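Only one structure is covered here, and it is reproduced in the block below.
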Amino acid sequence: MFNQKKMRFLYWILIGILLFLFIYLLTILFPFYRSLLSVVFRILAPFIIAGLIAYLLHPLIEKLHKYNYPRWFAIIGIYLIFFGGLGYVLYKAYPPFINQLKDLNENLPHFMDMYRQAIYEVYESTSFLPETVHDKMDEFFHDLEDMIGTLLTNIVMQVTKLMDVVIVIAVIPVLVFYMLKDFKLIQSSMWKLTPKKYREDGKELFDKIDKSLGDYIRGQLLVCFFVSLTTYGILWFIDMEYPLILAIIMGITNIIPYFGPILGAVPAVIIAFTISGKMVLYVIIAVFIVQIIEGNLLSPFIVGKSINIHPILIIFALLVGGEVGGIIGMIVAVPILSVIKVIVMHTKAFRAGR
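Written out as structure tokens, the structure is:
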């Protein structure tokens, strides 16, 4: 028994080492296959996006179908509501978003001059500090200005290029329709590729992942939409500049637990600082109001406890995700952790039942 356990332990150690070496080699060789991955991603991107949309909308169709609505009626109804609503929002939001983004990019040097003036005032009150400290502060703000300027320029260029990919955008709704129409057929075809002895157990595991991960993603996206909407309304009411851009930033970063609201509030506070001290206070109050609404009304009722993971593990996953993939890594950290948790729990239950 001891030898068997020892061999199993060594087996998993070996698997771990080989996996680490494989990932390390992929990282080292990334420059050689980057262009190939870029081409593959551009080809698969419409299918990935369409698959995600179909996955998110499918439960709504199933619910309507349970209320004795014909399946074709449920598919067409949900399809038209989703893409009609999305098209209307883009039609209304796209022009002001681009205008605000360009205006922000043009005014960036003015904002940085104001911050430099504030920093010089800080210099006068901290003249007792070593000169190297002031040099580091100068270097930091110079790098920050370059980074923000480059980021805004890239965003403007990428967003304005959206019209250049009209064909890809037009393909996605078509793919979504057929994926919704043949959702069960696609699902059953994929299961046929799985060996029979793993099929039942695989379906059970997939259902658990779908329940935990699907509810979390759908809930978070809905919460983020309402956070953006609420933030935009409050910032517009207090006459804050760039309300649409700041509302979108706060909505997207709200996906990140714990750290997200802070990350989303930073740009708003920085811009408010260039306007007046009163506006800074208004923005901080607005952020608190949005977070109170989100924490006490939206998240408990929409998201609930769909993943049920301890906060320490979530924070650890966020730190790892941030280190590996930046903001994107932090956004996907919790869903990945949720999948890992379900797999571990399912594996334990499977072994206990053998």
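For the record, in the sequence shown the residue sitting at position 337 is 337 according to the working numbering, with numbers rising by one throughout.
Beta carbons: idealized from backbone N, C-alpha and C, even for Gly.
Owing to the predicted nature of the structure, the values given are computational and were not obtained by experimental measurement.
Q | Same chain, Cβ closer than 8 Å to A317, neighbours up to 5 away in sequence not counted | A | For the purposes of this step, residue 317 is taken as residue 317 along the sequence shown, with counting starting at 1. So the qualifying residues of the chain are A333, V334, I336 and L337.
Q) Of the residues V280, G251 and S188, which one's Cα is nearest the Cα of G202? A) Numbered from its first residue, the sequence shown carries residue 202 at position 202. It is S188 whose Cα lies nearest to the Cα of G202.
(Q) Between which residues of its own chain and M279 is the CB-CB distance below 6 Å, once the five residues before and five after are set aside? (A) Position 279 of the sequence shown, counted from the first residue, corresponds to residue 279. Closer than 6 Å at the Cβ level, and outside the excluded window around M279, lie A272.
(Q) Let's see if you can read the secondary structure: which residues bound the alpha helix (DSSP H) around Y198? (A) Position 198 of the sequence shown, counted from the start, is the residue given in the question as residue 198. Where Y198 is concerned, the enclosing alpha helix (DSSP H) stretches over K196 to I209.
Q: Run the CB neighbour count on P95, radius 10 Å, all protein chains shown included, and call it buried at 16 or more, exposed below.
A: Locating residue 95 in the sequence shown gives position 95, counting from the first residue. With fewer than 16 other Cβ atoms within 10 Å, it is exposed.
Q. Within 10 angstroms of its Cβ, does E323 collect 16 or more other Cβ (buried), or is it exposed?
A. In the sequence shown, counting from the first residue as 1, residue 323 sits at position 323. Burial call: exposed.
Q: Enumerate in chain order the residues of its own chain whose CB-to-CB distance from A265 is below 6 Å, with the five nearest sequence positions on each side excluded.
A: Looking up residue 265 in the sequence shown gives position 265. Cβ neighbours of A265 beyond the five flanking positions: V287.
Q: Kindly list the residues whose CB is nearer than 6 Å to the CB of Y91, restricted to its own chain and excluding five residues on each side of it in sequence; keep chain order.
A: On the sequence shown, position 91 is the one that residue 91 refers to. Nothing listed; no residue qualifies.
Q: Starting from L229, follow the alpha helix (DSSP H) in both directions and report where the run begins and ends.
A: Indexing the sequence shown from 1 puts residue 229 at position 229. Unbroken alpha helix (DSSP H) run through L229: D215 to F237.
Q) Can you list the beta strand (DSSP E) stretches of 3 or more residues lying completely in the stretch 288-346, in chain order? A) none
**Q.** Own chain residues within Cβ distance below 6 Å of G77, not counting five before or after
**A.** Indexing the sequence shown from 1 puts residue 77 at position 77. So no residue of the chain qualifies.
Q. Hey, L213 and H346: beta-carbon distance below 7 Å or not?
A. Translated into positions along the sequence shown, residue 213 becomes position 213. Translated into positions along the sequence shown, residue 346 becomes position 346. No.
Q) Roughly how many whole angstroms lie between the Cα atoms of D239 and P261? A) Counted from its first residue, the sequence shown places residue 239 at position 239. Counted from its first residue, the sequence shown places residue 261 at position 261. When rounded, the distance between both Cα atoms is 21 Å.
Q | Straight-line Cα distance separating I315 from I340 | A | Locating residue 340 in the sequence shown gives position 340, where the first residue counts as 1. Locating residue 315 in the sequence shown gives position 315, where the first residue counts as 1. Roughly 15 Å separates the two Cα atoms.
Q: Sort L221, I186, I217 and M250 by Cα distance to T231 and report the nearest one.
A: On the sequence shown, residue 231 is found 231 positions in, with the first residue counted as 1. Measuring from the Cα of T231, the nearest candidate turns out to be M250.
**Q.** Segment limits, alpha helix (DSSP H) that includes P267
**A.** Counting from 1 along the sequence shown, the entry for residue 267 is found at position 267. From DSSP, the alpha helix (DSSP H) with P267 extends over G260 to F273.
**Q.** Rounded separation between L263 and A93 - CA only
**A.** Locating residue 263 in the sequence shown gives position 263, counting from the first residue. Locating residue 93 in the sequence shown gives position 93, counting from the first residue. Cα-Cα distance, rounded: 23 Å.
Q: Kindly indicate the opening and closing residues of the alpha helix (DSSP H) around M250.
A: Taking the sequence shown and counting its residues from 1, the one referred to as residue 250 is at position 250. Per DSSP, M250 belongs to the alpha helix (DSSP H) from P243 to T253.
Q) Does DSSP put L29 in a helix, in a strand, or in coil? A) Within the sequence shown, the letter at position 29 stands for residue 29. Three-state DSSP puts L29 in coil, outside helix and strand.
Q. Closest by CA to C224, which one among Q291, I209, G85 and L193?
A. Counted from its first residue, the sequence shown places residue 224 at position 224. Measuring from the Cα of C224, the nearest candidate turns out to be Q291.
Q | Limits of the unbroken alpha helix (DSSP H) element including S189 | A | The residue given as residue 189 occupies position 189 in the sequence shown. Where S189 is concerned, the enclosing alpha helix (DSSP H) stretches over F183 to K192.
Q: Let me know if V40 comes out buried or exposed under the rule of 16 or more other beta-carbons within 10 Å of its beta-carbon.
A: Your numbering for residue 40 matches position 40 in the sequence shown. Burial call: exposed.
Q. Rounded to a whole number of angstroms, what is the C-alpha to C-alpha distance between L180 and W191?
A. For the purposes of this step, residue 180 is taken as the residue at position 180 of the sequence shown. For the purposes of this step, residue 191 is taken as the residue at position 191 of the sequence shown. Answer to the nearest angstrom: the Cα atoms are 17 Å apart.
Q: Could you tell me the distance, in whole angstroms, from the CA atom of G269 to the CA atom of L185?
A: Your numbering for residue 269 matches position 269 in the sequence shown. Your numbering for residue 185 matches position 185 in the sequence shown. Note on identity: in this sequence residue 269 is Val, with Gly being the wrong assignment. Cα to Cα, V269 sits roughly 50 Å from L185.
Q.
If contacts are defined as beta-carbon pairs under 8 Å, then I245 and L108 qualify, I think. What distance do you get, rounded to the angstrom?
A. Here residue 245 refers to the residue found at position 245 when the sequence shown is read from its first residue. Here residue 108 refers to the residue found at position 108 when the sequence shown is read from its first residue. Incorrect: roughly 13 Å between the Cβ atoms, too far for contact.
Q.
Below 8 Å on the Cβ atoms is my contact criterion, and I expect I172 with P46 to pass it. Report the Cβ-Cβ distance as a whole number of Å.
A. Taking the first residue of the sequence shown as 1, we reach residue 172 at position 172. Taking the first residue of the sequence shown as 1, we reach residue 46 at position 46. Contact holds; Cβ gap of about 5 Å.
Q: Measure how close the beta-carbons of I217 and L56 come, nearest whole angstrom, since I'm counting them as under 8 Å.
A: Here the question's residue 217 lines up with position 217 in the sequence shown. Here the question's residue 56 lines up with position 56 in the sequence shown. 7 Å between Cβ atoms; contact.
Q: Look at the alpha carbon of L80 and the alpha carbon of D103, and state the distance between them as a whole number of angstroms.
A: As a first step, residue 80 must be located in the sequence shown, where it is residue number 80. As a first step, residue 103 must be located in the sequence shown, where it is residue number 103. Taking the straight line from one Cα to the other gives about 34 Å.
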